[in-house]
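Participant:
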Amino acid sequence: MTDTHTGGCVCGTVRYRVHGQPTLGTVCHCTYCQRRLASAFAVMASFPEPAVEITQGQLVECEHRSDVSGRWLRMAFCGKCGTTLCHTAEIRPGIRTIAAGTFDDPRWFRIDRHIWVQSKLPWVTIPEGVATYQQGFVAVPPADPAGAAKA
Ligand SMILES: [Zn+2]
Ligand SMILES: [Zn+2]
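Mapping to this note's numbering: the sequence shown position 98 is 141, numbers consecutive.
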């Protein structure tokens with residue numbers, strides 16, 4: 044099996060290996076990703092959990108609840124240098140998503156879609172031929188106008 048790619052955190056404590064192609068390559072422009080990465084967007088490669096192996100070091104997890112869906116996201120970091128390496132999400136059981144900037148060669152996989160384009164920064168241009176979604180990939184129930192009036 045040669046279809047293997049490696050990556051790790053900035054300080055080198057945590058290393059991982061993935062097998063096969065990502066099920067999805069995503070750029071996320073949501074305000075949570077912008078804030079948590081102190082950047083403009085997140086670049087993410089999703090894999091079935093068994094395809095991701097942590098080969099060195101230990102991950103520290105931090106749970107976040109989406110203010111839109113109420114579902115959990117568990118971000119995993121290197122406890123030493125703070126690099127975000129991957130996450131799991133309640134909405135996608137069995138999938139582990141790699142923070143793709145941590146690949147030793149981040150160029151190897153394809154981006155299929157851009158999500159949360161509604162909060163994309165104005166100077167980011169999305170290439171043609173890529174699927175775009177104003178919000179998340181899985182339809183979020185439309186805001187209930189009556190909900191705003193509830194306590
Ligand atoms: Zn580290
Ligand atoms: Zn996001």
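We treat Cβ as the ideally placed atom computed from N, Cα and C, and that holds for glycine. Owing to the predicted nature of the structure, the values given are computational and were not obtained by experimental measurement.
#1: I need the DSSP call for Ala-186, collapsed to helix, strand or coil.
#2: Give me the residue from Asp-155, Glu-96, Ser-112 with the minimum Cα distance to Thr-47.
#3: How far does the beta strand (DSSP E) with Cys-129 in it extend, from its first residue to its last?
#4: What residue range does the alpha helix (DSSP H) around Tyr-75 cover?
#5: Give me the Cα-Cα distance between Arg-135 and Ser-89, rounded to the nearest whole angstrom.
#6: Give the DSSP-derived three-state secondary structure of Gly-63 in the structure shown.
#7: On a CA-only basis, which of Asp-110, Thr-175, Leu-164 is nearest Asp-155? Give me that one, please.
#8: The beta strand (DSSP E) with Arg-156 in it runs from where to where?
#9: Where does Pro-149 sit, in a helix, a strand or coil, going by DSSP?
#10: Give the secondary structure of Ala-174 by DSSP, where H, G and I count as helix, E and B as strand, and everything else as coil.
Facilitator: In terms of the structure at hand:
#1: As a working mapping, residue 186 is identified with position 143 in the sequence shown. Because the pLDDT at Ala-186 is just 48, under 50, the model does not fix this residue reliably, and the value given afterwards should be weighed accordingly. Ala-186: coil per DSSP, three-state reduction.
#2: For the purposes of this step, residue 47 is taken as the residue at position 4 of the sequence shown. Closest option to Thr-47, Cα to Cα, is Glu-96.
#3: Within the sequence shown, numbered from 1, the residue matching residue 129 stands at position 86. Where Cys-129 is concerned, the enclosing beta strand (DSSP E) stretches over 127-132.
#4: For this step, residue 75 is matched to residue 32 along the sequence shown. 74-79 is the span of the alpha helix (DSSP H), which, as asked, contains Tyr-75.
#5: For the purposes of this step, residue 135 is taken as residue 92 along the sequence shown, with counting starting at 1. For the purposes of this step, residue 89 is taken as residue 46 along the sequence shown, with counting starting at 1. Cα-Cα distance, rounded: 10 Å.
#6: Translated into the one-based positions of the sequence shown, residue 63 becomes position 20. It is coil, neither helix nor strand.
#7: The count along the sequence shown starts at 1 and reaches residue 155 at position 112. Checked all of Asp-110, Thr-175, Leu-164; the closest Cα to Asp-155 is Thr-175.
#8: Locating residue 156 in the sequence shown gives position 113, where the first residue counts as 1. Residues 156-158.
#9: As a working note, residue 149 is residue 106 in the sequence shown. Residue state, collapsed to three classes: coil.
#10: Residue 174 sits at position 131 when you count from the first residue of the sequence shown. Looking at Ala-174 - three-state DSSP - the assignment turns out to be strand.
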